[in-house]
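J.: I'd like to ask some things about the structure below.
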Amino acid sequence: MSELAGNRAQKAARLTLGLLLLGLALAVIAMLSLATGARAIPLENVWTALVAFDPNATEHRIIWDLRMPRTVVGLMVGAALGLAGAVLQGATRNPLADPSILGIHAGAALAVVLGVAVLGMTQLSTYAWMAFAGAGAAMLVVYSVASLGREGATPVKLALAGAAITAVLHSIINAILLTSPRTLDEIRFWQVGSLSGRSMDIALQVAPFLAVGMILALGTARLLDGLSMGDDVARALGQRIGLSRGMAGLAAVILAGASTAAAGPIAFVGLTVPHVARAITGPGYRWILPYSMLLAPILLLGADVLGRVIAPPGEVQVGIVTAFLGAPFFIALVRRRKLAAL
Amino acid sequence: MLRSTMVAFALFAGATLPAAAQWSFVGGDGEVVTLDETPVRIIVSQDAAAGLIPLGIRPVGIYADSAVADAKALQGLDLSGIEIIGQAWGEVDIEKAAALDPDLIVAEFWPLETTWSGGADVVTALSPLAPITGPEQGASILTLIEDYEELAQSLGADLSAPAIAADKASFETALTDFKAAVAAKPDLTALAVWAGTDALYVAATQGSSELMDFASWGLDLIDPEVADDRGYWETLSWENADKYQPDLILVDNRSATTMETALAQPTWTLMKAAEAGQVTDWPAFWLRNYAAYASELEKLTAAINAADANLAP
Amino acid sequence: MSAVFDTSRIIAVRQSAAMRRRSVLLGLILALLAAFALALYLGDYPVPVSGIIQSLLSPLTGLADRSVDFIVLQVRLPRAILAVLSGASFALAGIIFQTLLRNPLASPDIIGIAHGASAAAVFCIIILGWSGLAVSFGAFGGAVLTALAIYFLAWRNGVTAFRVVLIGIGMAAMLAAVISYLFTRARLNEVQQAMAWLVGSLNAARPGDSIVLAGAMLVLIPLMIGLVRALDAMELGDDTARALGAPVELTRLGLMLVAVGFAAFATAAVGPVGFVAFVSGPLARSLLKGAGRGFAQAALVGALVMLVSDLLAQHLLPTVQLPVGVVTGACGALFLLWLLMASGRSGRVN
Chain A
11 MSELAGNRAQ
21 KAARLTLGLL
31 LLGLALAVIA
41 MLSLATGARA
51 IPLENVWTAL
61 VAFDPNATEH
71 RIIWDLRMPR
81 TVVGLMVGAA
91 LGLAGAVLQG
101 ATRNPLADPS
111 ILGIHAGAAL
121 AVVLGVAVLG
131 MTQLSTYAWM
141 AFAGAGAAML
151 VVYSVASLGR
161 EGATPVKLAL
171 AGAAITAVLH
181 SIINAILLTS
191 PRTLDEIRFW
201 QVGSLSGRSM
211 DIALQVAPFL
221 AVGMILALGT
231 ARLLDGLSMG
241 DDVARALGQR
251 IGLSRGMAGL
261 AAVILAGAST
271 AAAGPIAFVG
281 LTVPHVARAI
291 TGPGYRWILP
301 YSMLLAPILL
311 LGADVLGRVI
321 APPGEVQVGI
331 VTAFLGAPFF
341 IALVRRRKLA
351 AL
Chain B
25 MLRSTMVAFA
35 LFAGATLPAA
45 AQWSFVGGDG
55 EVVTLDETPV
65 RIIVSQDAAA
75 GLIPLGIRPV
85 GIYADSAVAD
95 AKALQGLDLS
105 GIEIIGQAWG
115 EVDIEKAAAL
125 DPDLIVAEFW
135 PLETTWSGGA
145 DVVTALSPLA
155 PITGPEQGAS
165 ILTLIEDYEE
175 LAQSLGADLS
185 APAIAADKAS
195 FETALTDFKA
205 AVAAKPDLTA
215 LAVWAGTDAL
225 YVAATQGSSE
235 LMDFASWGLD
245 LIDPEVADDR
255 GYWETLSWEN
265 ADKYQPDLIL
275 VDNRSATTME
285 TALAQPTWTL
295 MKAAEAGQVT
305 DWPAFWLRNY
315 AAYASELEKL
325 TAAINAADAN
335 LAP
Chain C
121 MSAVFDTSRI
131 IAVRQSAAMR
141 RRSVLLGLIL
151 ALLAAFALAL
161 YLGDYPVPVS
171 GIIQSLLSPL
181 TGLADRSVDF
191 IVLQVRLPRA
201 ILAVLSGASF
211 ALAGIIFQTL
221 LRNPLASPDI
231 IGIAHGASAA
241 AVFCIIILGW
251 SGLAVSFGAF
261 GGAVLTALAI
271 YFLAWRNGVT
281 AFRVVLIGIG
291 MAAMLAAVIS
301 YLFTRARLNE
311 VQQAMAWLVG
321 SLNAARPGDS
331 IVLAGAMLVL
341 IPLMIGLVRA
351 LDAMELGDDT
361 ARALGAPVEL
371 TRLGLMLVAV
381 GFAAFATAAV
391 GPVGFVAFVS
401 GPLARSLLKG
411 AGRGFAQAAL
421 VGALVMLVSD
431 LLAQHLLPTV
441 QLPVGVVTGA
451 CGALFLLWLL
461 MASGRSGRVN
């Protein structure tokens, strides 16, 4: 008995240490993100810019106007994506659940397309709100469609409803893009998923939503553990299945919606990171959630830093780098071990 | 370059037959299209519509690759009574086109893709109905307009009609003013750009007909150093927005969004010209007639006259 | 319960299942014929029914009106035939994957095979500057290569459905990123061209286009039937089948290759028209209510979805003609939603 408790305490200590190390790694990557870019700026100038900002120095302006906001947005969006993915996978008990599969990205994309094509929106800061609203609306529709019928929103029905709604939304998006090259021209840069050109305003606008979403998500850990035992067991333990799924879904849609608003649809982070987290921590959302929350921004910011330096004098968007880093890693992971069934 | 010939046939000496007029035109693809009679019912692509309608040719149908309301080239043209048979890329309503019973299809020949406006699918769909011809896109918008004049004339347009002649005259005045303005500021350099949230795209002169025109009329356009994407653009991270320092910036005006996007970037003003407001429109890729060219040139001339030519070292 | 009673019940159930299969098949065939007739009749160029019949018979009778013949024989007929063939091919590709991997999400348009075709085609259009038939070849190669890559990456002492689906989705995400990247690196009119290809269209259908696809189907369908017979043994479970001596892995690989063939040839002909592969299998099975595997029914559903979608795409909006791929998504998805809503009564989806 005491040996078991000892093991558990040992495991908790080990995982806490892991979290601290991840936090440290994240800090290092964030510094790297301030120091690297398509323009070479010597480290000492980066430092001077941080401690003694001179508005007339070009290099200082680049650090504060470009790199600082994109680093902050990257940290927030990364954490949000990681959490959203973990929560969605837990709530739907589907290892493939991801904002892009449950219609969230398609909803955001359609709203942005409508904003550009019909309402004549032209700036990121305005259509970010469209993305947020669209993501929420799509998730709501997917969830209500899946809840129809006797057994409620089962994982299979959620996945099918998500795929179906995504297809409908893409039909409308395609119809608009094919007849409006002006919109296509705007959207092709948004839909890649990118951190560049994001101002501090955007970070400040989405910050409150992300904060609420994160608190909500971290609070669902116990509910997700219950759901992971299967609906029947969870019900027998006195858990209200519908309410738990609803809570988790709300947290996920706030996080995914806000991050899509800030950075566009970045597909792969939410899908892969929870699997990596689970491989480190083992089952139990009390640990999976914080690990996902730290691992995802490491992946996202690291990918962004890489994207800034591999194609000078231009850049490669972060959504593309994450896919190219994430996919082979994910495939290797799938090959190496039997991923824990959810 | 392009020659059209209206050959009066007098092969039949017999007085009973009137002289049959044969019509032919050498297209931008080098092929000669010959018809027994001058074509009357013509289907045109959106760019050919912008070239021909101001010269008095009324087509029966237009195919566009976007919603007609969005097509910059067609803005301000009277399209009443003309059937729109396509508003999406690659999609043209063959049945509507067939019902129009066309004698000829006019499009622009794209030398790089070796196909006509609208792409291979549209050409496949339309070519069973009537022969396709038209001018070739090339090194100059001016010669393109002149090719349209030649084509319009062969189709029976009267280029000396007052409205048409006035358009041409206003273009010539605008051109003279432009050349004078450029000559007055020999040190002035210009840069043509497209702005996106992810990067600043600097255009190579060789990639667009109107930029080649401006250069041939004396404007000193900065050519990007490394042109990626097969020679048309250099993609600059916004961190490197000050790589070139022109005295005047031309911003793609196909959509108003581009200018707004540029202004929203904090490092846009790293270019001294942007800081000083020496920014004007670049009528990118869409000019097809004298009236539009004249008004765009006037804007450009005004911007050059107002610009400080010694901003950049 | 006596053995006699059991047997007679089984026979009764079997008979009613066979009845159900036949009536669903018949109903779908009738619906398809009706849609086909409608596809020949509807259009902006007015042709009376008598004109259509005369035109269809003109190769025999020699009577011909040149412009009506053009509309009926060169425009409407090839388009309708291509819709039927490609719809059936997509559906068969979908239902084979869904059956083999026992997951309704495992259709080729979700596990990356359609993405492979798309990425290859977009590369051909934007980087190589190709168009027309050459793009189709590129897409075909892309689909086959991606499918092989997924299969071999998923191979580890055999292939599990779960691994194939996960690896397929990983590949899909990577290939989608390739497409997005190429989109941001191209000129707008190249992007438009690629976008139009990606949506999938029957607009440029010519009489010859169906011949390649029809030829491929003539080879693939008998292969499929043969392999499905072997699959029947597999339905008992891999271990039993292995004990019976059935070469399980080989049958699986063979069937998957047949499915990839269906998807690749159809994609080469009309582009990666979305959702037909995904939706046809589940729809056919919900019509059958458990009476059989429903391959033939799924093929008919696919053909029907494609044909009806194309009619809607052409005639729904008075001024704008849209490519078929815009509508199959919406059309198929509405079916699926109806299915999900109805599942409260029937109990289960798929």
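Protein chains in written order, with our numbering: chain A, 11 to 352; chain B, 25 to 337; chain C, 121 to 470. All C-beta atoms in this analysis are idealised placements derived from N, C-alpha and C, irrespective of residue type, glycine included. Nothing here was measured: the structure is a model prediction, and the numbers come from that model.
Mind pulling the beta strand (DSSP E) runs of 3 or more residues that sit fully within the segment 203 to 242 of chain B?
T.: Fully enclosed beta strand (DSSP E) runs of 3 or longer: 213 to 219 and 224 to 227.
J.: How about the segment 103 to 123 of chain A and the segment 274 to 292 of chain A: do they share at least three Cβ pairs that are nearer than 8 Å?
T.: Contact holds: three or more Cβ-Cβ distances are below 8 Å.
J.: Can you list, in chain order, the residues of its chain whose CB lies under 6 Å from that of Ser28/B, leaving out five sequence neighbours each side?
T.: Reliability of the predicted coordinates at Ser28/B is poor, the pLDDT of 42 falling under 50, and no value is obtained from them.
J.: Whose CA, out of Ala416/C, Thr448/C and Val440/C, lies closest to the CA of Asp430/C?
T.: For the residues Ala416/C, Thr448/C and Val440/C, the minimum Cα distance to Asp430/C belongs to Thr448/C.
J.: What three-state label does DSSP hand Glu55/B in the structure shown?
T.: Note: Glu55/B maps to coil in three-state DSSP.
J.: Among Pro78/B, Ala330/B, Met295/B and Val68/B, which has the Cα closest to the Cα of Asp182/B?
T.: Comparing Cα-Cα distances from Asp182/B to each of Pro78/B, Ala330/B, Met295/B and Val68/B, the minimum goes to Pro78/B.
J.: Using a Cβ cut-off of 9 Å, which residues of the segment 107 to 136 of chain B contact any Cβ in chain A, in chain order?
T.: If the cut-off is 9 Å between Cβ atoms, the segment 107 to 136 of chain B has Gln111, Ala112, Trp113, Gly114 and Glu115 near chain A.
J.: Thr176/A and Gly125/A: beta carbons closer than 8 Å?
T.: Going by C-beta atoms, Thr176/A is not nearer than 8 Å to Gly125/A.
J.: Within the same chain, show all residues whose beta-carbon is closer than 8 Å to that of Leu245/B, passing over the 5 residues directly before and after it, in chain order.
T.: Closer than 8 Å at the Cβ level, and outside the excluded window around Leu245/B, lie Thr213, Ala214, Leu215, Ala216, Thr229, Leu235, Phe238 and Ala239.
J.: How far does the beta strand (DSSP E) with Thr259/B in it extend, from its first residue to its last?
T.: Here the beta strand (DSSP E) through Thr259/B covers Trp257 to Leu260.
J.: Indicate the three-state DSSP secondary structure (helix, strand or coil) for Glu173/B in the structure shown.
T.: Glu173/B: helix per DSSP, three-state reduction.
J.: Any beta carbon from chain C within less than 8 Å of Pro63/B's own beta carbon?
T.: Pro63/B does not count as touching chain C.
J.: So what does DSSP say about Glu325/A, is it helix, strand or coil?
T.: If DSSP states are grouped into helix, strand and coil, Glu325/A belongs with coil.
J.: Using a beta-carbon distance below 8 Å, is Ala350/A in contact with chain C?
T.: At Ala350/A the pLDDT is 48, less than 50, meaning the model places this residue with poor confidence; the figure from the coordinates comes in the next sentence. False, the Cβ-Cβ gap to chain C never drops below 8 Å.
J.: Along the chain, which unbroken stretches of the alpha helix (DSSP H) at least 4 residues long are found entirely within the segment 148 to 213 of chain C?
T.: Runs found: 169 to 181 and 186 to 189.
J.: Using C-beta distances below 7 Å, list every residue in its chain close to Ala4/A, excluding the 5 sequence neighbours before and after it, in chain order.
T.: Look at the range of chain A in this structure, 11 to 352, and you will see that residue 4/A is not part of it.
J.: Could you give the distance in angstroms between the alpha-carbon of Ala292/C and the alpha-carbon of Ile270/C?
T.: Approximately 10 Å, taken between the alpha carbons.
J.: Would you check if the segment 290 to 307 of chain A and the segment 80 to 93 of chain A touch, i.e. whether three or more CB-CB distances between them fall below 8 Å?
T.: Touching, per the Cβ criterion.
J.: Relative to chain A, which residues along the segment 263 to 295 of chain B have a C-beta separation below 8 Å, given in chain order?
T.: Listed by position along the chain: Glu263, Asn264, Asp266, Lys267, Arg278, Ser279, Ala280, Thr281, Glu284, Thr285, Ala288, Gln289, Pro290, Thr291 and Leu294.
J.: With three or more beta-carbon pairs closer than 8 Å as the criterion, would you say the segment 327 to 335 of chain B touches the segment 201 to 212 of chain B?
T.: Contact holds: three or more Cβ-Cβ distances are below 8 Å.
J.: Listed in chain order, which residues of the segment 171 to 205 of chain C have Cβ atoms closer than 7 Å to some Cβ of chain B?
T.: Answer set for the segment 171 to 205 of chain C: Ser187, Phe190, Ile191, Gln194 and Val195.
J.: If you reduce the DSSP assignment to three classes, tell me which class Ser48/B lands in.
T.: The answer is strand: DSSP assigns Ser48/B an E or B state.
J.: List, in chain order, every chain A residue whose beta-carbon is nearer than 8 Å to that of Thr304/C.
T.: Correct list: Arg198, Phe199, Val202 and Gln327.
J.: Can you tell which of Leu308/C, Ser187/C and Arg349/C has the C-alpha that lies nearest to the C-alpha of Ala154/B?
T.: Answer by Cα proximity: Ser187/C.
J.: May I ask you to list, following chain order, the residues of the segment 60 to 93 of chain B that have a beta carbon less than 8 Å from some beta carbon of chain A?
T.: Within the segment 60 to 93 of chain B, the qualifying residues are Asp89, Ser90 and Ala91.
J.: From the DSSP output, in three-state form, read off Gly117/A for me.
T.: Correct three-state label for Gly117/A: helix.
J.: Whole angstroms is fine: what's the gap from Arg288/A's alpha carbon to Arg296/A's?
T.: Approximately 11 Å between the Cα atoms of the pair.
J.: From the DSSP output, in three-state form, read off Ala339/B for me.
T.: Chain B is shown only over 25 to 337; residue 339/B falls outside these bounds and no answer can be derived.
J.: Hey, would you say the C-beta of Ala207/B is under 7 Å away from at least one heavy atom of the ligand FMN?
T.: What this structure holds is no ligand at all, so the ligand FMN is not there to describe.
J.: If contact is defined by three or more beta carbon pairs under 8 Å, each pair taking one atom from either stretch, is the segment 326 to 338 of chain A in contact with the segment 200 to 209 of chain A?
T.: Touching, yes, given that three or more Cβ pairs across the two stretches are closer than 8 Å.
J.: Buried or exposed: which applies to Gly252/A, given that a residue is buried once 16 or more other Cβ atoms fall within 10 Å of its Cβ?
T.: So Gly252/A counts as exposed.
J.: Does the beta-carbon distance from Gly236/C to Thr266/C come in below 8 Å?
T.: It is a contact, given that the beta carbons lie within the stated cut-off.
J.: How should Ile273/B be labelled, buried or exposed, when 16 other C-beta atoms within 10 angstroms of its C-beta is the threshold for buried?
T.: Its Cβ being crowded by 16 or more others within 10 Å, Ile273/B is buried.
J.: Buried or exposed: where does Asn104/A fall if 16 or more other Cβ atoms within 10 Å of its Cβ makes it buried?
T.: Burial call: buried.
J.: Can you pull the chain E neighbours of Thr189/A, defined as C-beta to C-beta under 7 Å?
T.: Considering every chain present, this structure includes no chain E. Its protein chains are A, B and C.
J.: Might you give, ordered along the chain, the residues of its own chain that have their beta carbon closer than 6 Å to the beta carbon of Leu333/C, omitting 5 neighbours on each side?
T.: Excluding positions up to five away in sequence, the list reads Leu205, Phe385 and Ala389.
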